[in-house]
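Asker: First the structure, which I've put down as structure tokens, then a few questions once you've had a look.
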Amino acid sequence: MHRHHTLAFALLLATVPEAAALETTPLTALDLTKMRQGWGTPQVDRAVTGKPLSIGGHPFETGVGTHARSVLWVDLDGKSGRFQAFVGVDDATGSDDASIRFRVIADGTTLFDSETMHRGQKAQQVDVPLSGQKSLLLLVTDAGDGVSFDHADWADARFVMAEGKPAAVAVPDDPEVILTPKPGPAPRLNGPRVYGCRPGNPFVYRIPTTGERPLRFSAVRLPEGLRLDEQSGIVTGVAPARGEYAVTLRARNAHGQDEQPFLIKSGDTLALTPTMGWNHWYAHYNRITDAMMREAADIMVSSGMADVGYQYVSIDDCWMNAPKYEDPLRVGPLRDDQGRILPNKHFPDMRALTDYIHAYGLKAGIYTSPGPYTCAGFSGTYQHEAQDAATFAEWGFDLLKYDWCSYGNVATGEGRERLTRPYQLMGDILRRQPRDIVLNLCQYGMGDVWEWGAEVGGQSWRTAGDLGFELNRVFEVARKNAEHREWNRPGAWNDPDYIQIGFVGNARGMGEPTPCPITPSEQYAYMSLWCLMAAPLFYSGDMSRLDEFTLNVLCNPEMIAVNQDPLGQCGRVIETGDETFLMVKDLADGSLAIGLFNQGEFPMKVTADWESLGLPTGRQVRDLWRQQDLGKFETGYTVEVPRRGGAVIRVGKP
Ligand code: GLA
Numbered sequence: 021m022h023r024h025h026t027l028a029f030a031l032l033l034a035t036v037p038e039a040a041a042l043e044t045t046p047l048t049a050l051d052l053t054k055m056r057q058g059w060g061t062p063q064v065d066r067a068v069t070g071k072p073l074s075i076g077g078h079p080f081e082t083g084v085g086t087h088a089r090s091v092l093w094v095d096l097d098g099k100s101g102r103f104q105a106f107v108g109v110d111d112a113t114g115s116d117d118a119s120i121r122f123r124v125i126a127d128g129t130t131l132f133d134s135e136t137m138h139r140g141q142k143a144q145q146v147d148v149p150l151s152g153q154k155s156l157l158l159l160v161t162d163a164g165d166g167v168s169f170d171h172a173d174w175a176d177a178r179f180v181m182a183e184g185k186p187a188a189v190a191v192p193d194d195p196e197v198i199l200t201p202k203p204g205p206a207p208r209l210n211g212p213r214v215y216g217c218r219p220g221n222p223f224v225y226r227i228p229t230t231g232e233r234p235l236r237f238s239a240v241r242l243p244e245g246l247r248l249d250e251q252s253g254i255v256t257g258v259a260p261a262r263g264e265y266a267v268t269l270r271a272r273n274a275h276g277q278d279e280q281p282f283l284i285k286s287g288d289t290l291a292l293t294p295t296m297g298w299n300h301w302y303a304h305y306n307r308i309t310d311a312m313m314r315e316a317a318d319i320m321v322s323s324g325m326a327d328v329g330y331q332y333v334s335i336d337d338c339w340m341n342a343p344k345y346e347d348p349l350r351v352g353p354l355r356d357d358q359g360r361i362l363p364n365k366h367f368p369d370m371r372a373l374t375d376y377i378h379a380y381g382l383k384a385g386i387y388t389s390p391g392p393y394t395c396a397g398f399s400g401t402y403q404h405e406a407q408d409a410a411t412f413a414e415w416g417f418d419l420l421k422y423d424w425c426s427y428g429n430v431a432t433g434e435g436r437e438r439l440t441r442p443y444q445l446m447g448d449i450l451r452r453q454p455r456d457i458v459l460n461l462c463q464y465g466m467g468d469v470w471e472w473g474a475e476v477g478g479q480s481w482r483t484a485g486d487l488g489f490e491l492n493r494v495f496e497v498a499r500k501n502a503e504h505r506e507w508n509r510p511g512a513w514n515d516p517d518y519i520q521i522g523f524v525g526n527a528r529g530m531g532e533p534t535p536c537p538i539t540p541s542e543q544y545a546y547m548s549l550w551c552l553m554a555a556p557l558f559y560s561g562d563m564s565r566l567d568e569f570t571l572n573v574l575c576n577p578e579m580i581a582v583n584q585d586p587l588g589q590c591g592r593v594i595e596t597g598d599e600t601f602l603m604v605k606d607l608a609d610g611s612l613a614i615g616l617f618n619q620g621e622f623p624m625k626v627t628a629d630w631e632s633l634g635l636p637t638g639r640q641v642r643d644l645w646r647q648q649d650l651g652k653f654e655t656g657y658t659v660e661v662p663r664r665g666g667a668v669i670r671v672g673k674p
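Taking our numbering, the leading residue of the sequence shown gets 21, the next gets one more, and so forth.
Shown next as structure tokens:
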């Protein structure tokens, strides 16, 4: 420790009222697995990078290196004393953009606030008296500009107490309150109101419908070439000639009937509403098998997910062979003697697998990388692009997730061209296949992909790295994704990655599925944000362990209607406070969906004020999670939002 710091502490300690012997507990002695942070893991006596702690050019021997957004709750058990530390941006951060705000909050009262700190700035000293509070929160936020490079140090951090020991505790959880009412027995037609396909290609569509079975389906003005199975509600056949077909879908049962318009646009644009489905990655990683894929399809139907619009059952990485791998069943020749890609032994018959999925009226997705190898080290598609696309089409796949991994080693060209080339190539090839194959670009947002993803033939593109590593960045990732909102439109979707709730496996180390680490409120907020952004909605958790709460978050048809709204607008963020904001999305019928969010650690009131949203007074408000009309609100709507939570309303006519 630095000399002058030692001296400073000595002087400060002298001000603690003399009682029993004072005991110092360094922050590093607490259970730091309880700390949640936006990147990496908490480091003892090191910065988050693993390098020695250093702030403003001054090294510190002890302390905790973390990363915004960082949250640690400490139970003080009502014991008095002091909390002391030196805080600042760690010098090893990679950018001058780093800006961080440290706060120490006891029982809801802020005892220390660093305001915004930058790289190179001298450490600020924290020395706050603790006078019998129950809990202390050590909070590091991004100071409003995103968490990139926000390496934060709590250097020489310690509790000095006369009695009792501070203990790190888990972030406060909230109860799993089920907000969404169960679907009623009468039929309700869900799913998109508009659907894109390419003329002459195979067509399969399961009409998402809730209500007691048996149901009887019918369709008015279904174009020639398509047939509807009136019991299952599955439409199959061949996509009609180029043009628009205004179909009316109907479903009835003993309890009533429903009718909805369904516009089929046969032309060049697929995914006229965000793609919805399930992807295996965050649940099963390199454990995925044919049997698990089939089971996922079974459960997509039996759980009711297909009834609200989930359609694609997608395999991610690890279905091919690798040159070497821990699981011998995934090792083998990458291609046959014709150069055709070979699935590994966990996938004995790809065509049989997609037939199985299609028999439910669902669609099948597959994954590869433009490089020689995928991210997990399996065979990639490099120099076999046309051949692989033809194979995927022959196997019956309807979606391709195209990564970037290992392509960097073989990429040629300069600047943006280097980035667009593999996707342009695959986009062109897919367009020529005799089936509709949606293309999802997975290159983490490089080269402002939102500006050119649609141009090269993609229907969606990841806007950032894997959300799976840092689940407590849900708000931040969403807000970043929404910055590219102007590029979002029917057939062209910004993709902030999958919905990881229920049982998911920690992405670090490809873990076995365990209950996801975010609170129920945060799960509601997660789904709300994805719906308001019109983001692709892929669940990526363990289908075999879906519980009632998870299904209630995933399957609210009124929320999903916001996601699938034909305008295809990504909501705009309107700041309403330090840690609160609205996300406002225009809907095709002239109403608005408004999310009221609280990123903070304490419940907060959030207001949607009609005037500042340009709305006349006296609006009808509906709570979408509860599916409840709340009545008419004159000047705005205010709701108390739980910590890290959100509410969503639909604001309609007067
Ligand atoms: C990348 C992608 C993930 C997943 C893995 C598979 O990390 O971003 O979504 O597909 O590859 O290895």
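Glycine included, every Cβ here is placed at the ideal spot set by N, Cα and C.
Does the segment 654-661 touch the segment 633-642, meaning 3 or more C-beta pairs lie closer than 8 Å?
Answerer: They touch, by the three-pair rule.
Asker: When burial is assigned at 16 or more other CB atoms within 10 Å of the CB, is residue 421 buried or exposed?
Answerer: The residue is buried, with at least 16 neighbouring Cβ atoms inside 10 Å.
Asker: Quick check: the segment 447-462 against the segment 473-484, are there 3 or more CB pairs under 8 Å?
Answerer: Yes, the segment 447-462 is in contact with the segment 473-484.
Asker: Could you tell me whether the segment 133-144 touches the segment 211-220, where touching means 3 or more Cβ pairs closer than 8 Å?
Answerer: Judged by Cβ distances under 8 Å, the segment 133-144 makes no contact with the segment 211-220, as fewer than three pairs qualify.
Asker: Near residue 603, which residues of its chain fall below 6 Å by C-beta distance, leaving aside the five closest residues on each side in sequence?
Answerer: Excluding residues within five positions, the ones whose Cβ falls inside 6 Å are 552, 591, 593, 615.
Asker: How many Å lie between residue 158 and residue 83 at the Cα?
Answerer: Between residue 158 and residue 83, the C-alpha separation is close to 13 Å.
Asker: Going along the chain, which residues of its own chain have a beta-carbon closer than 7 Å to the beta-carbon of residue 25, five neighbours each way excluded?
Answerer: Confidence at residue 25 is low in this model, with a pLDDT of 48, below 50, so the placement of that residue is unreliable and no value is reported for it.
Asker: Quick check on residue 344: buried or exposed, where buried means 16 or more other Cβ atoms within 10 Å of its Cβ?
Answerer: By the neighbour-count rule (16 or more Cβ atoms within 10 Å), residue 344 is not buried but exposed.
Asker: Below 8 Å, how does it come out for the segment 276-286 and the segment 304-320: are there three or more Cβ pairs, yes or no?
Answerer: Taking 8 Å as the limit for Cβ pairs, the verdict is that the segment 304-320 does not touch the segment 276-286.
Asker: Just to confirm my understanding: we take residue 334, look at its own chain, exclude 5 residues before and 5 after, and list those with CB closer than 8 Å. What are they?
Answerer: Once the five neighbours on either side are set aside, the close Cβ partners of residue 334 are 297, 298, 299, 300, 384, 385, 386, 387, 419, 421, 558.
Asker: State the beta-bridge partners of residue 652 as determined by DSSP.
Answerer: Partner(s): 640.
Asker: Is any heavy atom in the ligand GLA found nearer than 7 Å to the beta carbon of residue 484?
Answerer: Not under cutoff, so the answer is no.
Asker: Spatial neighbours of residue 32 within its chain, please: C-beta separation below 8 Å, excluding the five flanking residues on both sides.
Answerer: Any reading at residue 32 must be qualified, since the residue scores a pLDDT of 49, below 50, and its modelled position is unreliable; no value is offered.
Asker: Which class does residue 235 belong to by DSSP, given the choice of helix, strand or coil?
Answerer: Three-state DSSP puts residue 235 in coil, outside helix and strand.
Asker: Just to confirm, are residue 235 and residue 207 a CB contact at a threshold of 8 Å?
Answerer: For residue 235 and residue 207, yes; Cβs fall inside 8 Å.
Asker: Rounded to a whole number of angstroms, what is the C-alpha to C-alpha distance between residue 255 and residue 213?
Answerer: Residue 255 and residue 213: Cα-Cα distance of roughly 15 Å.
Asker: If we ignore side chains and look at the alpha-carbon of each, how far apart do residue 356 and residue 368 end up?
Answerer: Spanning the two alpha carbons is a distance of roughly 15 Å.
Asker: Would you call the segment 71-81 and the segment 117-132 in contact, with 3 or more CB pairs under 8 Å?
Answerer: Result no; under three Cβ-Cβ pairs closer than 8 Å.
Asker: Hey, quick one: how far does the beta strand (DSSP E) through residue 552 stretch, first residue to last?
Answerer: Careful: residue 552 lies outside any beta strand (DSSP E), inside the alpha helix (DSSP H) at 540-552.
Asker: May I ask which residues mark the beginning and end of the alpha helix (DSSP H) holding residue 435?
Answerer: Note, residue 435: alpha helix (DSSP H), 435-451.
Asker: Assign residue 489 to one of two classes, buried (16 or more other C-beta atoms within 10 Å of its C-beta) or exposed (fewer than that).
Answerer: Its Cβ having fewer than 16 others within 10 Å, residue 489 is exposed.
Asker: Leaving out the 5 sequence neighbours to the left and right, which residues in its chain are closer than 7 Å to residue 396 when beta-carbon positions are compared?
Answerer: Around residue 396: 306, 337, 338.
Asker: By how many angstroms is the C-alpha of residue 316 removed from the C-alpha of residue 563?
Answerer: So the alpha carbons of these two residues sit roughly 6 Å apart.
Asker: The ligand GLA heavy atoms versus the CB of residue 11: any closer than 7 Å?
Answerer: Outside the shown range of the chain (21 to 674) lies residue 11, about which nothing can therefore be said.
Asker: Within the segment 334-364, note down every full beta strand (DSSP E) run reaching 3 residues or more, in order along the chain.
Answerer: Counting only runs of 3 or more, we get nothing.
Asker: Is residue 432 buried or exposed, if buried means 16 or more other CB atoms sit within 10 Å of its CB?
Answerer: Classification of residue 432: exposed, given that the 10 Å Cβ count is below 16.
Asker: Mind checking whether residue 681 and residue 661 have CB atoms under 8 Å apart?
Answerer: Outside the modelled stretch of the chain, which goes from 21 to 674, sits residue 681, for which no answer is possible.
Asker: Mind checking whether the beta-carbon of residue 513 lies closer than 7 Å to any heavy atom of the ligand GLA?
Answerer: Residue 513: no, Cβ never under 7 Å from the ligand GLA.
Asker: Helix, strand or coil: which one does DSSP assign to residue 665?
Answerer: Strand at residue 665.
Asker: Whole angstroms is fine: what's the gap from residue 201's alpha carbon to residue 271's?
Answerer: Each residue's Cα considered, the two are about 21 Å apart.
Asker: Can you tell me which of the three DSSP states residue 30 falls into?
Answerer: A caution first: residue 30 carries a pLDDT of 47, below 50, which makes its placement in the model too unreliable to give a value.
Asker: Just to confirm the assignment, what range does the alpha helix (DSSP H) spanning residue 322 have?
Answerer: Segment 310-322, the alpha helix (DSSP H) holding residue 322.
Asker: Is any heavy atom in the ligand GLA found nearer than 7 Å to the beta carbon of residue 20?
Answerer: No information on residue 20 is available, as it lies outside the stretch 21 to 674 that the chain covers here.
Asker: Cβ of residue 550 versus every heavy atom of the ligand GLA: is any distance shorter than 7 Å?
Answerer: Checking the Cβ of residue 550 against the ligand GLA gives no.
Asker: Have a look at residue 124 and residue 399 and give me their C-alpha separation to the nearest angstrom.
Answerer: For residue 124 and residue 399, the distance between alpha carbons rounds to 50 Å.
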